[in-house]
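All residue numbers for the first sequence refer to full-length UniProt numbering, where the first residue is 1 and numbers rise by one. Shown next, in structure tokens, is the structure this report addresses.
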Amino acid sequence: MEKASETPPFSRDARARLQGSLLAWYDRTYRELPWRTPPRGGENGDTPGADPYRVWLSEIMLQQTTVATVIPYYRAFLSRWPDVAALARAPLDDVLHAWQGLGYYARARNLHRCARQIVSQWGGRFPSREADLRALSGVGPYTAAAIMAIAFGQKATPVDGNVVRVTARLFCVSTALPHARAEIEALAGTLTADRRPGDFAQAMMDLGATVCTAKKALCVHCPWKGDCRAHARGTPLDYPRKTAKKKKPTRHGVAYWLRRPDGDVFFQRREEKGLLGGMMGIPMSPLEEQKIGPNAAARFAPVAGDITFLSGVVIHVFTHFRLELMVCVLVPRVGDDIPGMWVRESHFSDIALPTLMKKIISHVRVNGLQ
DNA sequence: CACGCGTGGCC
DNA sequence: TGGCCAAGCGT
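This is the structure:
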């Protein structure tokens, strides 16, 4: 396994050159973002550490999520909960509601749990040791390293998708992902600067986000073009190598729009674990590989009643499968005795609904019978 | 450790 | 248009 890369790590001098040119590039091209503190620039100037709460909040939101998507959510959270104590005091439902549409809802539950951990275990102040950060809910190796570097100014190497790509190209790592992960992390660690660790970490990510991107390598603008081995070969887009992905399957299901005579609609909280965990939604059948016929759809209904199938289907694409959902209106024949809540349409905006549920609501508006 | 977990934008 | 991608984590 020790064929680490096609080319060996850089010498001490080369590393110093790489660090200097990247930091200079960062100062020159600095992008302002709501959670950032500007680089002081200059000689040995370390950027003053940012508020750990803001760094943490932004990093959790940015997990697998684009900057443009995160910005409005980040502003809303920070304005509503300015510090970790405020967030810890909030009811979980409020946090989930504020998170709706952002996806990966386990992050929101872990965020809330983490806020309470900070208050109960650390007196409301973020710990400044990587191991203590790692013990917090929702904080993994990447986020712990990011907080260490950006908020506490400590030498640490957060390795996100950008850093993986930049590093794989710089060294021409021949091993394919995800197997190459450890190897790439080790190589990335050899680059990390002692000075301005927070700026260096963000510079690596910015480089991957704006210059050394997945689909384009704008090597002309890259501060590392003189040392990059993939650029020297003229094949930067060949890295990082990846193993082929499986094709995304389609799964089928039925969603039940339970409507009472007064017009209220039935919602229930989804189980904490699993798809859209902890969010509100209308009842759904189990998801199957095959289309679900009318008989099975009636059999899966949560209560007895008159069923009307709406025309069309709701299509929603998740990370690991494509969902094709039939929607039927169900007028319960008997009183409700299943756990959940009846919600007036004018109050839909009060409950935490994932995007799939909003699509279903829209589908009923368009195709539903009044 | 491979997999489950959202959503929106891009070509 | 379908596949790929985006500042990963928990199990």
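Positions of the beta carbon are idealized from the N, C-alpha and C atoms, including for glycine. Quantities reported herein were computed from a predicted structural model and do not represent experimental measurements.
{"Query": "Spatially closest choice to M284 from Y26, V163, I360, by CA coordinates", "Result": "I360"}
{"Query": "Neighbourhood of A176 by C-beta distance below 7 Å, restricted to the same chain and skipping five residues each side", "Result": "R241, K242, T243"}
{"Query": "Among S346, R260, V364, A352, the one whose alpha carbon lies nearest that of V331", "Result": "R260"}
{"Query": "Beta carbon of C114 nearer than 8 Å to that of L92", "Result": "no"}
{"Query": "Buried versus exposed, by CB contacts within 10 Å (16 or more), I150", "Result": "buried"}
{"Query": "Rounded Cβ spacing between K247 and R322 (contact assumed at less than 8 Å)", "Result": "So it is not a contact: roughly 10 Å between Cβ atoms."}
{"Query": "Neighbour-count burial assignment, D350, 16 or more Cβ in a 10 Å radius", "Result": "exposed"}
{"Query": "Whether Q268 touches G281 by CB criterion (8 Å)", "Result": "yes"}
{"Query": "Simplified DSSP assignment, three categories, for E185", "Result": "helix"}
{"Query": "For H97, the first and last residue of its enclosing alpha helix (DSSP H)", "Result": "92-99"}
{"Query": "Alpha-carbon to alpha-carbon, R54 and V139", "Result": "14 Å"}
{"Query": "W342 - partner residues in DSSP beta bridges", "Result": "F266"}
{"Query": "Three-state class that DSSP yields for K359 in the structure shown", "Result": "helix"}
{"Query": "Burial state of I60, where buried means 16 or more other Cβ atoms lie within 10 Å", "Result": "buried"}
{"Query": "Counted within 10 angstroms of its Cβ, other Cβ atoms place Q64 as buried (16 or more) or exposed", "Result": "exposed"}
{"Query": "At least 3 beta-carbon pairs within less than 8 Å: the segment 185-194 vs the segment 231-241", "Result": "no"}
{"Query": "Stretch-stretch touch, CB-based, cutoff 8 Å, three pairs: the segment 207-224 with the segment 6-24", "Result": "yes"}
{"Query": "Through-space distance from P52 to T121, alpha-carbon basis", "Result": "The sequence as given places Gln at residue 121; Thr does not occur at that position. Distance between the alpha carbons of Q121 and P52: 16 Å."}
{"Query": "Beta-carbon contacts of Y104 that lie in its chain and below 8 Å, excluding the five residues immediately before and after", "Result": "Q63, Q64, T65"}
{"Query": "Identified DSSP bridge partners for K242", "Result": "L177"}
{"Query": "Under the three-state DSSP convention, the category R251 falls into", "Result": "strand"}
{"Query": "Span of the beta strand (DSSP E), counted from its first residue to its last, around P332", "Result": "322-332"}
{"Query": "C-beta atoms of R15 and T143 nearer than 8 Å", "Result": "no"}
{"Query": "L310 (DSSP reduced to helix, strand or coil)", "Result": "coil"}
{"Query": "Residues sharing a beta bridge with H316, DSSP", "Result": "L323"}
{"Query": "Closest residue to R333 among I315, S362, A301, L325 (Cα-Cα distance)", "Result": "A301"}
{"Query": "Three-state class that DSSP yields for A86 in the structure shown", "Result": "helix"}
{"Query": "Straight-line gap, I184 to P39 (C-alpha atoms, nearest Å)", "Result": "27 Å"}
{"Query": "CA-to-CA distance, P8 to D83, given in whole angstroms", "Result": "45 Å"}
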